[in-house]
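*Asks:* Quick one: the structure is below, and I'll ask about it shortly.
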Amino acid sequence: MKKRIFLISFIIFFLYFLTVPLLLAQEPEIPYAGEVPLTPNVRPMIIVSGSDYDMGYQWYQQIVQIYGKKPCEELSHQKFTEDELSALKAYQWYIRKYTPEMIELLKGMVDGAKDAGIFLTYEQVLAKWSGTTKYPFPAGSENEKLPPEEDCSGWAAWGRMTKDGKLYCGGSGDHQIIMGDNEIRSFEYCVAMFPEKGNNFVFSTSTGCCWHVSMNNKGCAMFHHGTTGYYGRYLPPEEQNYGYGVPNVMITIHTLRFAQSANDAQRIVLSLPSGDGRVGGAWADVNGTAFVIENRDNPRAIRKSGDYGERDFIYSTNNLFSEELKDCYKPPPGQKVIFFPHVGYLGTEGSLGSIGRNFELWNLFHNYPGEVDINFAKMIWRFPGPPPPYATIDEAVEDYDRSQARLWNAHVSQTGNAMVGIMVPDNGEEGLYYVSQGCAVRGNDSPTYPGGVVIRIAPTYSFYQLKLDSNVRNVARAARTRTQYDLYNAYQELSKLSYEDVPYAPLNAILDQATTEWQKGEYYSRIAGRKQGNENINCLAKSARSYFRAQALALQAYNSLVPPAKCPEDLGLREWFGAWGDWDTRGDN
102 MKKRIFLISF IIFFLYFLTV PLLLAQEPEI PYAGEVPLTP NVRPMIIVSG SDYDMGYQWY
162 QQIVQIYGKK PCEELSHQKF TEDELSALKA YQWYIRKYTP EMIELLKGMV DGAKDAGIFL
222 TYEQVLAKWS GTTKYPFPAG SENEKLPPEE DCSGWAAWGR MTKDGKLYCG GSGDHQIIMG
282 DNEIRSFEYC VAMFPEKGNN FVFSTSTGCC WHVSMNNKGC AMFHHGTTGY YGRYLPPEEQ
342 NYGYGVPNVM ITIHTLRFAQ SANDAQRIVL SLPSGDGRVG GAWADVNGTA FVIENRDNPR
402 AIRKSGDYGE RDFIYSTNNL FSEELKDCYK PPPGQKVIFF PHVGYLGTEG SLGSIGRNFE
462 LWNLFHNYPG EVDINFAKMI WRFPGPPPPY ATIDEAVEDY DRSQARLWNA HVSQTGNAMV
522 GIMVPDNGEE GLYYVSQGCA VRGNDSPTYP GGVVIRIAPT YSFYQLKLDS NVRNVARAAR
582 TRTQYDLYNA YQELSKLSYE DVPYAPLNAI LDQATTEWQK GEYYSRIAGR KQGNENINCL
642 AKSARSYFRA QALALQAYNS LVPPAKCPED LGLREWFGAW GDWDTRGDN
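Quick note on the working numbering: the sequence shown kicks off at 102 and runs consecutively.
Structural data, given as structure tokens:
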């Protein structure tokens, strides 16, 4: 009898420890359709704090919280040849020499994934962050056709250009987001880091080709990746100087963490060896310094505000301005490379989609000085250009290269916006970081390049706000306060409708979703109070993400009833392209 009782007790004990983890397992924060991960309609924010190891540990713990195990499991299948392992050792040598903090971060990522039930090797995580290329490039690779450049846009304005003299910056990565294509990078998100040593900072992970839209608590911001490296790509193969170095992503993170100003950022970026020479960036700070690193070296080209007529503003899309770099463009058959004074060079590679966006940014800042604030900044990414004047998109795409995109009249707001970030940096604890997942305006039908014809899943067309405060708990508290206000405002506007009004039911459903996220935020905030160390940070981050989703959904409902500005006139400003202004337009010469 005692043996039977013991056996039954053992079985119950075993089943308890087998099933409880399954019962307590949380669903991923993003939606899935069967086994397929779907792009979230609110961009996730990973928030980490502490030692380099702890931040890496929290980072990959939160990867699993947000996306489930799929991205890490796909990474875990990677195998390496002896040549690739040798290449990883070369990357590690540069990392250990120039950015040693990243080694501990990677080790933390490995253990964070392991404790979440996914066994990654250090080599697999290192490869994800650096690549496994063995240089030199294989013979014949120079003849490979490169895919069309995806678009990115960025700008900074300060001083006489803004209403309050503060620095405002904006940037977007423009492309399709493909979830789960065998690398974690495709699972896009933002990251806020609070290291024990160095600056606090926030950034977006890869939005297409680069990491940008970032700022630190010293008032320094990177608003665009710059056009760095385009020149080298078009040099003859024998003149290309690729090799190993510090991975570009690590250069960006290291610079944000330790730069005290934009000039300091330039010094750090250019002092760190970049294997492919493509990291530079467009930087600005609260002291009025701003520039775009168009090429790191051979030749070095750095464009500053004022070089082409800007007055307390600067911008960058995906083409070049510097005269010494014009040879990187190939002109169309029978034509020449054209330089436009305020928009740079027009050629056949990497510039077709940039011309219209540069014209728009020049005309906005040049003609509306002193008007830039957060509402103006958001308006820029809600201000669509007219669609290409063709009967079908097929005709428009067919004409894109032939006409040099002459009739596309692109704006920075377009269907291909993957992430829009707007920043109000501060040398302290008041910096604000606004995030929109996808295009920020409904009804935009103006792609800037053929690949920019993108449809998103359940878009909110709204921005949530992160305050770059002194620590993670204060970030979560600030998110909570902002969410309360956004929920209240949306509720007040919805209350003006009756049950019979057609918009009431769908908007009430959206507000219910926002309130659900609010309660989730409250739940995880309370749990965080009972946790210590990494578990405390992970719960606070989960709480903040719930508040951010609540903000975005509440603003979706609010903006449906109180439409935000979509052009200068909606802000009470004078007519866009009215006779009063000094407008620049394309006139090929």
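C-beta: ideal position from N, C-alpha, C; glycine also.
Do Phe640 and Ala629 have their C-beta atoms closer together than 8 angstroms?
*Replies:* Here residue 640 is taken as the residue at index 539 of the sequence shown, counted from 1. Here residue 629 is taken as the residue at index 528 of the sequence shown, counted from 1. At residue 640 the sequence reads Cys, which differs from the Phe that was named. Going by C-beta atoms, Cys640 is nearer than 8 angstroms to Ala629.
*Asks:* For the beta strand (DSSP E) containing Met323, list its first residue and its last residue.
*Replies:* In the sequence shown, residue 323 corresponds to position 222, counting from 1. Residues 321-325.
*Asks:* State the DSSP-derived secondary structure class of Phe115, mapped to helix, strand or coil.
*Replies:* In the sequence shown, the residue the question calls residue 115 occupies position 14. Note that Phe115 has pLDDT 46, beneath the 50 cutoff, so the model's placement of it is unreliable and the number below is only indicative. Residue state, collapsed to three classes: helix.
*Asks:* If you follow the alpha helix (DSSP H) that Glu175 is in, where does it begin and where does it stop?
*Replies:* Locating residue 175 in the sequence shown gives position 74, where the first residue counts as 1. 171-176 is the extent of the alpha helix (DSSP H) around Glu175.
*Asks:* Please go through the same chain and pick out, in chain order, the residues whose beta-carbon is closer than 6 angstroms to the beta-carbon of Ile638, but skip the five residues on each side of it.
*Replies:* Within the sequence shown, the letter at position 537 stands for residue 638. Ser150, Gln159, Val573, listed in sequence order.
*Asks:* If we ignore side chains and look at the alpha-carbon of each, how far apart do Asn590 and Val663 end up?
*Replies:* On the sequence shown, residue 590 is found 489 positions in, with the first residue counted as 1. On the sequence shown, residue 663 is found 562 positions in, with the first residue counted as 1. Those two C-alpha atoms are separated by around 10 angstroms.
*Asks:* Just reading off the alpha helix (DSSP H) that Pro607 is part of, what are its end residues?
*Replies:* Within the sequence shown, residue 607 is the residue found at index 506, counting from 1. Unbroken alpha helix (DSSP H) run through Pro607: 605-629.
*Asks:* Quick check for students: name the residue ranges of the beta strand (DSSP E) that lie wholly in the stretch 408-456, counting only runs of 3 or more.
*Replies:* For the stretch 408-456, whole beta strand (DSSP E) runs of length 3 or above, ordered along the chain, are 414-417, 439-441, 445-447.
*Asks:* Under a Cβ-count criterion, where at least 16 other Cβ atoms within 10 Å of its own Cβ denotes burial, should Arg583 be classed as buried or exposed?
*Replies:* Your numbering for residue 583 matches position 482 in the sequence shown. By the neighbour-count rule (16 or more Cβ atoms within 10 Å), Arg583 is buried.
*Asks:* Do the CB positions of Thr233 and Val347 come within less than 8 angstroms of each other?
*Replies:* Taking the first residue of the sequence shown as position 1, residue 233 is located at position 132. Taking the first residue of the sequence shown as position 1, residue 347 is located at position 246. No, these two residues do not count as a Cβ contact at 8 angstroms.
*Asks:* With H, G and I counted as helix, E and B as strand and the rest as coil, what does DSSP make of Gln538?
*Replies:* Taking the first residue of the sequence shown as 1, we reach residue 538 at position 437. Gln538 falls in the strand class under three-state DSSP.
*Asks:* Check the DSSP bridge columns for Asp275 and list the partner residues they point to.
*Replies:* Reading the sequence shown from its first residue, position 174 is the one you call residue 275. Asp252, Asn518, per the DSSP bridge assignment.
*Asks:* Using alpha carbons as the reference points, say which of Leu357, Trp384, Ala360, Thr353 lies closest to Ser375.
*Replies:* Position 274 of the sequence shown holds residue 375. When only C-alpha atoms are compared, the closest one is Thr353.
*Asks:* Using the three-state DSSP reduction, which class does Ile354 fall into: helix, strand or coil?
*Replies:* Position 253 of the sequence shown holds residue 354. Correct three-state label for Ile354: helix.
*Asks:* Give a yes or no on contact between the stretch 440-458 and the stretch 407-420, applying the rule of three or more CB pairs nearer than 8 angstroms.
*Replies:* The stretch 440-458 vs the stretch 407-420: in contact.
*Asks:* Grouping DSSP H, G and I as helix and E and B as strand, with all else coil, what is Lys405?
*Replies:* In the sequence shown, residue 405 corresponds to position 304, counting from 1. Strand at Lys405.
*Asks:* Thinking just about the alpha-carbon of each residue, which of Leu465, Ala322, Lys632 is nearest to the one in Glu676?
*Replies:* Position 575 of the sequence shown, counting from 1, holds the residue named residue 676. Of the candidates Leu465, Ala322, Lys632, the one whose C-alpha sits nearest the C-alpha of Glu676 is Leu465.
*Asks:* Following the continuous alpha helix (DSSP H) through Phe649, name the residue where it begins and the one where it ends.
*Replies:* Residue mapping note: residue 649 aligns to position 548 of the sequence shown, counting from 1. Taken as a continuous stretch (DSSP letters only), the alpha helix (DSSP H) holding Phe649 covers 634-662.
*Asks:* Since I believe Thr329 is in contact with Ser362 (beta carbons under 8 angstroms), could you give me their beta-carbon distance rounded to a whole number of angstroms?
*Replies:* To locate residue 362, count along the sequence shown from 1; it is residue 261. To locate residue 329, count along the sequence shown from 1; it is residue 228. Ser362 to Thr329, Cβ: 20 angstroms. No contact.
*Asks:* Within 10 angstroms of its Cβ, does Pro141 collect 16 or more other Cβ (buried), or is it exposed?
*Replies:* The sequence position of residue 141 within the sequence shown is 40, counting from 1. Classification of Pro141: buried, given that the 10 Å Cβ count is 16 or more.
*Asks:* Grouping DSSP H, G and I as helix and E and B as strand, with all else coil, what is Ser231?
*Replies:* The sequence position of residue 231 within the sequence shown is 130, counting from 1. The answer is helix: DSSP assigns Ser231 an H, G or I state.
*Asks:* What does DSSP give as the partner residue(s) for Lys568 in the beta ladder?
*Replies:* Position 467 of the sequence shown, counted from the start, is the residue given in the question as residue 568. According to DSSP, which records beta bridges pairwise, Lys568 is partnered with Leu533.
*Asks:* What is the C-beta distance between Ser537 and Val521, in whole angstroms, given that I count them as a contact (C-beta under 8 angstroms)?
*Replies:* If you number the sequence shown from 1, residue 537 lands on position 436. If you number the sequence shown from 1, residue 521 lands on position 420. With a Cβ gap of about 4 angstroms, Ser537 and Val521 count as contacting.
*Asks:* Less than 7 angstroms between C-beta atoms, sequence neighbours within five positions excluded: which residues of the same chain meet that for Ile204?
*Replies:* Looking up residue 204 in the sequence shown gives position 103. So the list reads Ile196, Arg197, once near-sequence residues are dropped.
*Asks:* Provide the residue(s) that pair with Gly151 in DSSP beta bridges, ordered along the chain.
*Replies:* Locating residue 151 in the sequence shown gives position 50, counting from the first residue. Answer is Pro296.
*Asks:* Which same chain residues end up closer than 8 angstroms to Asp546 when comparing Cβ atoms and leaving out the 5 residues on each side of it in sequence?
*Replies:* Position 445 of the sequence shown, counted from the start, is the residue given in the question as residue 546. Counting only Cβ-Cβ distances below 8 angstroms, and skipping sequence neighbours, we find Pro485, Pro488, Thr516.
*Asks:* Alpha carbon to alpha carbon, how far is Ala293 from Met146?
*Replies:* Taking the sequence shown and counting its residues from 1, the one referred to as residue 293 is at position 192. Taking the sequence shown and counting its residues from 1, the one referred to as residue 146 is at position 45. If I take the Cα positions, the gap works out to 7 angstroms.
*Asks:* Is it the case that the Cβ atoms of Leu207 and Tyr223 are separated by a distance below 8 angstroms?
*Replies:* As a working note, residue 207 is residue 106 in the sequence shown. As a working note, residue 223 is residue 122 in the sequence shown. Yes, they are a contact pair.
*Asks:* Tell me the rounded alpha-carbon separation between Ile611 and Tyr600.
*Replies:* Locating residue 611 in the sequence shown gives position 510, counting from the first residue. Locating residue 600 in the sequence shown gives position 499, counting from the first residue. Cα to Cα, Ile611 sits roughly 15 angstroms from Tyr600.
*Asks:* What is the DSSP secondary structure of Tyr345, reduced to helix, strand or coil?
*Replies:* As a working note, residue 345 is residue 244 in the sequence shown. Tyr345 falls in the coil class under three-state DSSP.
*Asks:* How many Å lie between Asn510 and Arg404 at the Cα?
*Replies:* In the sequence shown, residue 510 corresponds to position 409, counting from 1. In the sequence shown, residue 404 corresponds to position 303, counting from 1. When rounded, the distance between both Cα atoms is 25 angstroms.
*Asks:* In the DSSP assignment, find the beta strand (DSSP E) that holds Trp384 and state where it starts and stops.
*Replies:* Taking the first residue of the sequence shown as position 1, residue 384 is located at position 283. Counting along the chain, the beta strand (DSSP E) containing Trp384 begins and ends at 382-386.
*Asks:* Mind checking who Met524 pairs with in its DSSP beta bridge?
*Replies:* Within the sequence shown, the letter at position 423 stands for residue 524. Looking at the DSSP assignment, Met524 forms a beta bridge with Cys270, Tyr534.
*Asks:* Roughly how many angstroms lie between the CA atoms of Leu598 and Lys621, to the nearest whole one?
*Replies:* In the sequence shown, counting from the first residue as 1, residue 598 sits at position 497. In the sequence shown, counting from the first residue as 1, residue 621 sits at position 520. Whole-angstrom Cα-Cα distance: 27 angstroms.
*Asks:* Out of Phe181, Val165, Ala645, which has the shortest C-alpha to C-alpha gap to Glu174?
*Replies:* Counting from one through the sequence shown, the residue named residue 174 turns up at place 73. The option with the nearest alpha carbon to Glu174 is Val165.
*Asks:* List the DSSP bridge partners of Ser315.
*Replies:* The residue labelled residue 315 in the question sits at position 214 within the sequence shown. Answer is Met323, bridged to Ser315.
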